[in-house]
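Working notes for the structure below.
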Amino acid sequence: MGSISQLRRLRDVYAGGVVAWTLCLLLNVLQGEGSARQMVLLLGLLAVFLVLLLWSAWCLWDAGAHRGMDRPGRTANAHAEPS
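Anchor point for the sequence shown: position 43 equals 35 in the numbering used here, and the numbering is continuous, going up by one each time.
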């Protein structure tokens, strides 16, 4: 269970990073005082945090799917319709 809570915390950190870099990027665009190098850096950081957010969300989803299969009485075809 500890690893899932760690993944949730990581996802929250990455989500916060996405929000922070998006706000920085928007402020940079609205103020118009930033250089092209600064814009590229902010876009790169935003892209990195977006990838990390997607990765952590996928890991959480995958961990939840595997945890559901480990319960007694559950099988991989638990939701399949009977034939």
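C-beta atoms are modelled at their ideal positions from N, C-alpha and C, and glycine is treated no differently.
Values in this document were obtained by computation on a predicted structure and should not be read as measured data.
Given residue i as reference, the closest of the options once Cα atoms are compared
| i | options | result |
| --- | --- | --- |
| leucine 2 | Phe41, Leu34, Leu37 | Phe41 |
| leucine 37 | Gly56, Ser27, Ala12 | Ala12 |
| glycine 9 | Leu44, Cys51, His58 | Leu44 |
Buried/exposed call for residue i, threshold 16 Cβ in 10 Å
| i | result |
| --- | --- |
| tryptophan 53 | exposed |
| leucine 46 | exposed |
| leucine 15 | exposed |
| serine 48 | buried |
Proximity test, residue i beta-carbon vs the ligand NAD heavy atom, cut-off 8 angstroms
| i | result |
| --- | --- |
| glycine 56 | No copy of the ligand NAD occurs in the structure displayed, which carries no ligand at all. |
CA-to-CA distance, residue j to residue i, given in whole angstroms
| i | j | result |
| --- | --- | --- |
| alanine 35 | leucine 17 | Sequence inspection shows leucine at residue 35; the alanine mentioned does not correspond to that position. C-alpha separation (whole angstroms): 7 angstroms. |
| tyrosine 6 | glutamine -2 | 12 angstroms |
| alanine 20 | isoleucine -4 | Reading off the sequence, residue 20 comes out as asparagine, not alanine. Approximately 36 angstroms between the Cα atoms of the pair. |
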